[in-house]
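The sequence shown begins at 65 in my numbering and counts up one residue at a time.
Glycine included, C-beta positions come from ideal geometry on N, C-alpha and C.
Some notes on the structure that comes next.
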Amino acid sequence: MSLSNVSIDGARLLADLHRLRQFGTYKTGVHRPTYSKVDMAARNWIADRMREAGLKPEIDGIGNVIGRGEGEGPRMLLGSHSETQNHAGWLDGALGVMYGLEVARALGRGVDVVSWADEEGHYAAFPGSRSFIGELDDAEIAVARNRYDDKLLSDALTDAGLAGKQRALVEPGRYRGYLEAHIEQGDDLEQHGLRIGVVASIVGIWQFRLSFEGVQNHAGTTRMAIRRDAGLALAKLVVEIDRRFPAVAGPRSVWTVGRISLAPGAASIIPGGAEMLFQFRDADPGILERMEAELQAIVAEANGTCAVALAAISRGVPKLMDPAIQDALSRAAERFAPGLHQRMPSGAGHDAQLLAKVMPAGMLFVPSIGGISHHWSEDTSEADIVLGCQVMAAAVADLLAAN
């Protein structure tokens, strides 16, 4: 099937997306945490839809839902994830899964579809896609815990009926590549009046824990001159980061203090301990290294009345998306949205960066209204949803037709 004549059913696509959002509806968004009863109900519904589309579905031992098509020859793997952040949006992840299903139906051949497990990281970093490429072992599963309620991943898998099931592994030579569609989760497309983003790279996310040790004491009787307030030391360091990082960051670098805790956390007690989780993101490894060096310098200079310890939690490697997949997406975008597309980096992490380790990978973005994501008010216009799927279908047809 050529790029020029493949056609999706937009009404069917929208109906599927609106049905999927009913699993865990919260206001105008969705609350569908990984391995919860509502998440597993959604995964079983997705498997049923795959079966109706002529795919052979499997829910593997980590919770990935994989629909495999029949026929010989290399295929494309399409998908994303179907669980959500807590009380979050209805399209983050779900869009890519339903795009994959609709493209499989439109082309009728050459496509497998997947809904990865726990891309949102309730229990671990990308456990579904990492398991598929052979980077998740049983030892990590045994100790991983839910970041909200401390539940063991192994217990969650048991409760979800997945314990003892085999975890699927990528079949060498089966795929020409992996393609994932997603809402942008930012406002760049909307602000520039564009409708399609062709992802050129996915940022590396570097995360750190900073611990501050002071002296716990009485908030009413301890003179200011002799205090060793860990909370105040933390606050000063955060301000210093924000003052100095612009000089070493790139044009698309971002940094965030995501969590702060004080010990003991009482109004009448000077904090003797404090901790913060900090991350920064960029697609350029050199910029990431420069930002870490500046963070280390800030921490070294801050050690005074309170001791500060810096510990790296993770350093994600930026990934470039496959040039041939980018070109196919750009050709399709120019056909269906002439002049209304651009190549751009992804500021968020996605399963595509894991799949890129073992096969060519690419991503397509559609606009997020107001740039909102990870919130129940997240939305994208129906016209942009349908357009994005049409572009993706045309690109997949183009890639499958290539020698």
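Hey, quick one: how far does the alpha helix (DSSP H) through K101 stretch, first residue to last? K101 to E116
Mind checking whether V363 and A297 have CB atoms under 8 Å apart? Not a contact, by the Cβ cut-off of 8 Å.
Work out the CA separation of D462 and M65 for me, nearest whole Å. Any answer about M65 is weak, because its pLDDT of 48 lies below 50 and its placement is not dependable; what the coordinates show is given next. Cα-Cα distance, rounded: 8 Å.
On the premise that I260 lies in contact with H55, defined as a C-beta separation below 8 Å, what is that separation, rounded to the nearest angstrom? Since the first residue shown for the chain is 65 and the last is 467, residue 55 is missing from the structure and cannot be characterised.
A189 versus A401 - alpha carbon distance: Rounded to the nearest angstrom, the gap between the Cα atoms of A189 and A401 is 35 Å.
Leaving aside the five residues before and after T369 along the sequence, list all residues of the same chain whose C-beta is less than 6 Å from its C-beta, in chain order. R292
Please state if the CB of H151 and the CB of G93 are separated by a distance shorter than 8 Å. yes
Beta-carbon contacts of R113 that lie in its chain and below 8 Å, excluding the five residues immediately before and after: D80 and L165
Contact between the stretch 124 to 139 and the stretch 412 to 427 is defined here as three or more beta-carbon pairs at a separation below 8 Å; is this criterion met? no
Near T98, which residues of its chain fall below 8 Å by C-beta distance, leaving aside the five closest residues on each side in sequence? G127, E147, A181, D182, E184, H186, Y187 and A220
Are V318 and F344 closer than 8 Å when you measure CB to CB? Contact flag set, yes.
Alpha carbons only, please: which of L253, L84, G133 and P382 is nearest the one belonging to A117? Nearest C-alpha to A117: G133.
Can you tell me whether G329 is buried or exposed? The criterion is at least 16 other CB atoms within 10 Å of its CB, across all chains shown. exposed
Range of the contiguous beta strand (DSSP E) that encloses V279: No beta strand (DSSP E) holds V279; DSSP gives it neither H nor E.
Which residue's Cα is closest to the Cα of G74: M456, I324, L464 and V178? Of M456, I324, L464 and V178, the residue nearest in Cα terms is M456.
Kindly give me the distance between the Cβ atoms of K383 and I266, rounded to whole angstroms, as I take these residues to be in contact under 8 Å. Indeed they touch by this definition, with Cβ atoms about 5 Å apart.
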